[in-house]
Amino acid sequence: MEWVNIIIQGVLIGGLYAMFAAGLALIFGVMRLVNIAHGDLIVLAAYVALMTTDTLGIDPLVAIVIVVPIMAAIGYALQRALLNRTLGDDVLPPLLVTFGLSVIIQNALLELFTADSRRLKAGAIEVASFPLAEGVWIGVLPLLQFVVAVAVIGALQLLFYRTALGRAFRATSDDPGVAQLMGLDNRHVFALAMALSLAVIAVAGVFLAVRTNFDPAIGPARLIFGFEAVIIGGLGSMWGTLAGGIILGVSQAIGAQIDPGWQLLAGHLAFLLILAVRPEGLFPKVQR
Amino acid sequence: MRDLLEVRALDAFYGDFQALFGVSLTVAPGEVVAVIGANGAGKSTLLKCIAGAIASRRDAVLFDGAPIGDQPAHAVVARGIALVPEGRRLFPSLSVEENLIIGGQLGRPGPWSLPRIYELFPVLAERRHMPSTSLSGGQQQMVALGRALMSNPRLLLCDEISLGLAPIVVREVYARLPAIVAEGCSLVIVEQDIVQALKAANHVYCLQEGRVALSGLAGTLTRAAISAAYFGA
Numbered sequence: 000m001e002w003v004n005i006i007i008q009g010v011l012i013g014g015l016y017a018m019f020a021a022g023l024a025l026i027f028g029v030m031r032l033v034n035i036a037h038g039d040l041i042v043l044a045a046y047v048a049l050m051t052t053d054t055l056g057i058d059p060l061v062a063i064v065i066v067v068p069i070m071a072a073i074g075y076a077l078q079r080a081l082l083n084r085t086l087g088d089d090v091l092p093p094l095l096v097t098f099g100l101s102v103i104i105q106n107a108l109l110e111l112f113t114a115d116s117r118r119l120k121a122g123a124i125e126v127a128s129f130p131l132a133e134g135v136w137i138g139v140l141p142l143l144q145f146v147v148a149v150a151v152i153g154a155l156q157l158l159f160y161r162t163a164l165g166r167a168f169r170a171t172s173d174d175p176g177v178a179q180l181m182g183l184d185n186r187h188v189f190a191l192a193m194a195l196s197l198a199v200i201a202v203a204g205v206f207l208a209v210r211t212n213f214d215p216a217i218g219p220a221r222l223i224f225g226f227e228a229v230i231i232g233g234l235g236s237m238w239g240t241l242a243g244g245i246i247l248g249v250s251q252a253i254g255a256q257i258d259p260g261w262q263l264l265a266g267h268l269a270f271l272l273i274l275a276v277r278p279e280g281l282f283p284k285v286q287r
Numbered sequence: 000m001r002d003l004l005e006v007r008a009l010d011a012f013y014g015d016f017q018a019l020f021g022v023s024l025t026v027a028p029g030e031v032v033a034v035i036g037a038n039g040a041g042k043s044t045l046l047k048c049i050a051g052a053i054a055s056r057r058d059a060v061l062f063d064g065a066p067i068g069d070q071p072a073h074a075v076v077a078r079g080i081a082l083v084p085e086g087r088r089l090f091p092s093l094s095v096e097e098n099l100i101i102g103g104q105l106g107r108p109g110p111w112s113l114p115r116i117y118e119l120f121p122v123l124a125e126r127r128h129m130p131s132t133s134l135s136g137g138q139q140q141m142v143a144l145g146r147a148l149m150s151n152p153r154l155l156l157c158d159e160i161s162l163g164l165a166p167i168v169v170r171e172v173y174a175r176l177p178a179i180v181a182e183g184c185s186l187v188i189v190e191q192d193i194v195q196a197l198k199a200a201n202h203v204y205c206l207q208e209g210r211v212a213l214s215g216l217a218g219t220l221t222r223a224a225i226s227a228a229y230f231g232a
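Protein sequence lines correspond, in order, to chains A and B. Those letters in the first sequence? Residues 0 to 287, per numbering that gives the first Met the number 0, in order. Those letters in the second sequence? Residues 0 to 232, per numbering that gives the first Met the number 0, in order.
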């Protein structure tokens with residue numbers, strides 16, 4: 000029964016990793032930009048949530064409705080003002096610029112909020128749980144986080160394959176030059192993609208901040224989890240990122256059970272194993 | 000009558016390389032203009048400049064009297080100029096119908112809509128939900144034409160629509176052009192297939208190494224004059 004509990008925990012935390020990954024996969028898919036600042040933007044979202052809850056005195060989970068539009072606006076502005084200028088045939092400029100952005104965000108947060116670790120208080124829901132079966136308990140907050148992750152990824156999948164915006168994303172990703180001939184302004188399409196990515200990050204950042212302590216330096220590790228989930232899942236489908244997140248979460252949970260020091264190592268080993276056996280990921284992008 | 004399109008002393012560059020030297024050309028409403036010339040003569044470059052895919056001097060391209068030389072492609076298509084790019088370049092991740100829909104995403108009013116495109120190219124209606132890459136070359140060219148028409152252009156630029164197609168398919172595609180002109184759309188067709196171009200066009204321009212070597216009404220040009228302009232005498 001203990002192992003069942005552990006695997007369930009792993010699956011539920013996998014939802015959070017999947018949300019980290021979905022934002023990354025979206026940006027890479029649409030504009031071939033690897034966003035090194037992704038993890039720090041997740042932490043930024045956590046601090047935006049912290050300021051929102053502190054000033055308005057509202058529940059963190061309610062604050063999501065405020066943090067999401069703020070982060071989306073930051074994403075749009077960031078893409079229009081900075082990242083669009085780095086895109087081109089060379090993949091190096093966007094890597095360098097987002098790396099620099101990562102350093103800037105970390106240090107700005109350090110100046111503003113100090114290195115003290117913080118946490119969002121969500122009240123009774125943090126410790127609430129219910130029994131699923133004899134000896135198997137499910138935490139309400141992890142379950143909620145997982146359900147939200149599934150909803151977010153399902154919504155992204157629908158948006159990508161069933162809406163005009165998704166069509167514009169796919170067309171621009173296929174051939175930016177011809178997309179312009181269809182009347183699509185690439186700068187605007189890319190900015191909308193970044194806004195969407197940061198909206199997903201906002202949701203992930205709030206759940207991260209309720210679940211665990213955070214400080215300005217934890218961004219890069221979240222980036223790694225997101226990367227690993229993307230690569231495990233493959234770039235063929237948004238559902239792949241969910242599978243990737245779950246595999247990463249379960250591996251970490253199993254590793255931690257064997258030896259608390261093995262939690263991160265187990266996740267990286269699972270990632271390396273899949274990279275070795277299936278380098279294209281579990282749900283590869285098929286060229287039709 | 001005012002010209003729909005006027006290209007005035009257009010120069011075009013790729014970096015330091017100059018591809019067009021003072022090219023001038025006019026297209027009247029309802030006219031079909033053919034641009035012929037050897038490989039590398041600058042035909043595609045000329046179309047890209049008109050469509051805004053390559054920026055040029057502001058007053059080098061006038062559309063309906065307005066200078067649009069410095070406008071980006073997405074703004075030019077909104078004004079009513081659509082380009083069928085060389086090699087078709089359909090969006091592989093999109094189905095046939097999605098390719099057509101995205102061509103009409105600006106919502107410019109006009110005669111062309113999904114049902115009208117399927118009327119023009121009935122074979123596409125049967126394959127509307129298939130991936131665009133699963134079609135034959137001729138059918139892909141029809142999608143590329145339909146995609147450009149969906150923006151309801153007043154001027155349609157066709158870059159080598161016969162490229163890589165069997166002669167019978169080329170004739171089939173060219174047979175639809177009069178129906179497009181009949182809806183009030185002017186055409187500029189770039190072609191290497193001179194016979195096809197001379198048959199379809201009212202007016203012909205021949206480019207040679209980035210300059211206009213010859214121009215005139217399609218009926219008045221002799222074969223000797225064309226071959227001299229084509230290859231350089």
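In this text, a Cβ means the ideal position worked out from N, Cα and C, and glycines have one as well.
Note the first and the last residue of the continuous alpha helix (DSSP H) segment covering G134/A.
Taken as a continuous stretch (DSSP letters only), G134/A belongs to no alpha helix (DSSP H), as it is neither H nor E.
Can you list, in chain order, the residues of its chain whose CB lies under 8 Å from that of I100/B, leaving out five sequence neighbours each side?
Once the five neighbours on either side are set aside, the close Cβ partners of I100/B are L113 and M149.
Taking its Cβ as the centre, do 16 or more other Cβ atoms sit within 10 Å of K198/B, making it buried, or is it exposed?
Result: exposed.
Under a three-way DSSP split, which group does R88/B fall into?
R88/B: coil per DSSP, three-state reduction.
Is the CB of V76/B under 8 Å away from at least one CB in chain A?
It does; some Cβ of chain A falls within 8 Å.
Pick out whichever of R88/B, Q17/B, Q207/B and E171/B has its Cα sitting closest to the Cα of S131/B.
The residue with the shortest Cα to Cα distance from S131/B is R88/B.
When Cβ atoms are compared, which residues of the segment 99 to 113 of chain B fall closer than 8 Å to chain A?
Of all residues in the segment 99 to 113 of chain B, those with a C-beta nearer than 8 Å to a C-beta of chain A are I100, I101, G102, Q104 and L105, reading in chain order.
Tell me the rounded alpha-carbon separation between C21/B and R57/B.
Inspection of the sequence shows that residue 21/B is occupied by Gly rather than by Cys. Rounded to the nearest angstrom, the gap between the Cα atoms of G21/B and R57/B is 14 Å.
Please classify V6/B: does DSSP put it in a helix, a strand, or coil?
The DSSP-derived three-state label of V6/B is strand.
Assuming L186/B contacts V75/B under a Cβ cut-off of 8 Å, what Cβ separation, rounded to an integer in Å, is found between them?
Not really, about 16 Å apart at Cβ, beyond 8 Å.
Chain B contact for V177/A (CB, 8 Å cutoff):
True, the Cβ-Cβ gap to chain B drops below 8 Å.
At a Cβ threshold of 8 Å, is E244/B touching chain A?
This structure cannot speak to residue 244/B, because chain B is shown only from 0 to 232.
Close Cβ partners of T240/A (< 7 Å) along its chain, the five nearest in sequence each way excluded
Cβ neighbours of T240/A within its own chain (closer than 7 Å, five residues either side excluded): A17, A20, A21, A24, I152, A228, V229 and G232.
Is Q70/B buried or exposed, if buried means 16 or more other CB atoms sit within 10 Å of its CB?
The residue is buried, with at least 16 neighbouring Cβ atoms inside 10 Å.
8 Å Cβ cut-off: residues of chain B touching S172/A
Within chain B, the residues S92 have their CB atoms less than 8 Å from the CB of S172/A, given in chain order.
Below 8 Å on the Cβ atoms is my guess for N201/B versus E30/B; work out the distance and round it to an integer in Å.
Their Cβ separation, rounded to whole angstroms, is 5 Å, which keeps N201/B and E30/B in contact under 8 Å.
Contact with chain B by L180/A, beta-carbon distance below 8 Å:
Cβ-Cβ to chain B under 8 Å: yes for L180/A.
Does the structure place the segment 42 to 53 of chain B close enough to the segment 270 to 286 of chain A that three or more beta carbon pairs sit under 8 Å?
No: fewer than three Cβ pairs fall under 8 Å.
Strictly by DSSP, which residues pair up with F270/A?
F270/A pairs with nothing; no bridge assigned.
Could you please tell me which residues of the segment 142 to 173 of chain A, in chain order, have their CB closer than 8 Å to any CB of chain B?
Look at the segment 142 to 173 of chain A: the residues with a C-beta under 8 Å from a C-beta of chain B are A163, R166, A167, R169, A170, S172 and D173.
Output yes if chain B places a C-beta closer than 8 Å to the C-beta of D184/A; else output no.
With 8 Å as the cut-off, D184/A counts as an interface residue toward chain B.
C-beta contact flag for L183/A and H73/B at 8 Å:
Contact: yes.
Give me the chain A residues within the contact set of S150/B, using Cβ-Cβ distance strictly less than 8 Å, ordered along the chain.
In chain order: M181 and G182.
Hey, V29/A and A201/A are a contact pair by Cβ (cut 8 Å); roughly how many whole angstroms apart?
In this structure V29/A does not touch A201/A by the C-beta definition: roughly 18 Å separates them, more than the 8 Å allowed.
Within a Cβ cutoff of 6 Å, which residues of the same chain sit near I6/A, ignoring the five residues on either side of it in sequence?
Here the set comprises V249.
Can you name the residues of chain A whose CB is closer than 8 Å to the CB of A50/B?
Taking a Cβ-Cβ cut-off of 8 Å, the neighbours of A50/B in chain A comprise L180, given in sequence order.
For R210/B, report the span of its beta strand (DSSP E) as first-last.
DSSP places R210/B inside the beta strand (DSSP E), whose first and last residues are R210 to L216.
For a contact defined as C-beta to C-beta under 7 Å, what are the partners of H128/B on chain A?
Those do not exist, as H128/B stays about 12 Å from chain A at its closest Cβ, beyond 7 Å.
Taking only beta-carbon atoms, is A124/B less than 8 Å away from chain A?
Interface annotation, A124/B: not in contact with chain A, CB-CB separation never under 8 Å.
Considering only their Cβ atoms, is the gap separating L197/A from G74/A smaller than 8 Å?
Taking 8 Å as the cut-off, the Cβ atoms of G74/A and L197/A count as close.
At least one CB of chain A closer than 8 Å to the CB of A18/B: is that the case?
No, A18/B does not count as interfacial toward chain A.
Can you look up D15/B in the DSSP assignment and give me helix, strand or coil?
Residue state, collapsed to three classes: coil.
Using three-state DSSP, classify V169/B as helix, strand or coil.
V169/B: helix per DSSP, three-state reduction.
Who are the neighbours of P71/B on chain A, taking C-beta pairs under 8 Å?
Under the 8 Å cutoff, chain A gives Q179 and D184.
Distance, S135/B Cα to P166/B Cα
If you take the alpha carbons of P166/B and S135/B, they lie about 14 Å apart.
Exposure label - P130/A; buried when at least 16 CB within 10 Å:
Exposed, since its Cβ has fewer than 16 Cβ neighbours within 10 Å.
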